[in-house]
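**Student:**
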Amino acid sequence: MSLLFFLSLSVSLAMSAPIMTQPILLGLTLLILTLTSAVLVAYSVSSWFGYIVFIIYIGGVLVMFAYVAALTPNLLFSAARPFKYTTTILIGFVTLTLFLPSMPTSTNNNNWSTPTHLDLMGAQIYSASNSLILVALGLVLLLALIVVVKICNYSSGPLRPFN
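If you use our numbering, the sequence shown corresponds to residues 443 to 605, in order.
Right, dumping it as structure tokens:
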């Protein structure tokens, strides 16, 4: 039943995203949608995979929030109208899940940890034969980080000054 609840929460949040009028409210909706999507992935595939999906999405949301906060003017936050529509959609989907027949709470019975499914989960990348490639990838990423830090000027400051 909890899997169906999180699915209905995800659908209702996705349907309410076009209603949002302010970037901060849309970012909050996207953050909650990310959390519910990660919970759905954790229930259906693996908790570790759900955690990785959550971390990647949160990194993207933080970058998006930084750009939106830097480019939009400071507005007063009023969320009465969009939250009214969102709660109406959410209540509709939650009552729909209550009237549906009971479903299993987890679909984690597919046993993804067997050795035959390790290739599907990406474990082939971390084998001993590919360790040199992983070290080279780490060094390239470290070099890119150092280059970006050296290129950026501290005197330039943010995209827009905060008073």
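Where is the CB? At the ideal position from N, CA and C, for every residue including glycine.
#1: Ignoring anything shorter than 4 residues or poking outside the stretch 446–529, list the alpha helix (DSSP H) runs there in chain order.
#2: Please report the straight-line C-alpha distance between residue 469 and residue 577, rounded to a whole angstrom.
#3: In angstroms, rounded to a whole number, what distance separates the CA positions of residue 537 and residue 466?
#4: If you draw a straight line from the alpha carbon of residue 453 to that of residue 488, how long is it in whole angstroms?
#5: Mind the definition here: the stretch 468–484 touches the stretch 495–507 only if three or more C-beta pairs lie below 8 Å; say whether that holds.
#6: Less than 8 Å between the beta carbons of residue 492 and residue 503, yes or no?
#7: Going along the chain, which residues of its own chain have a beta-carbon closer than 8 Å to the beta-carbon of residue 534, five neighbours each way excluded?
#8: Buried or exposed, going by whether 16 or more other CB atoms sit within 10 Å of the CB of residue 505?
#9: Let me confirm a value: residue 471 is counted as buried when at least 16 other C-beta atoms fall within 10 Å, else exposed. Which label applies?
**Tutor:** From the atom records:
#1: 465–486 and 489–513
#2: 35 Å
#3: 28 Å
#4: 21 Å
#5: yes
#6: no
#7: 454
#8: exposed
#9: buried
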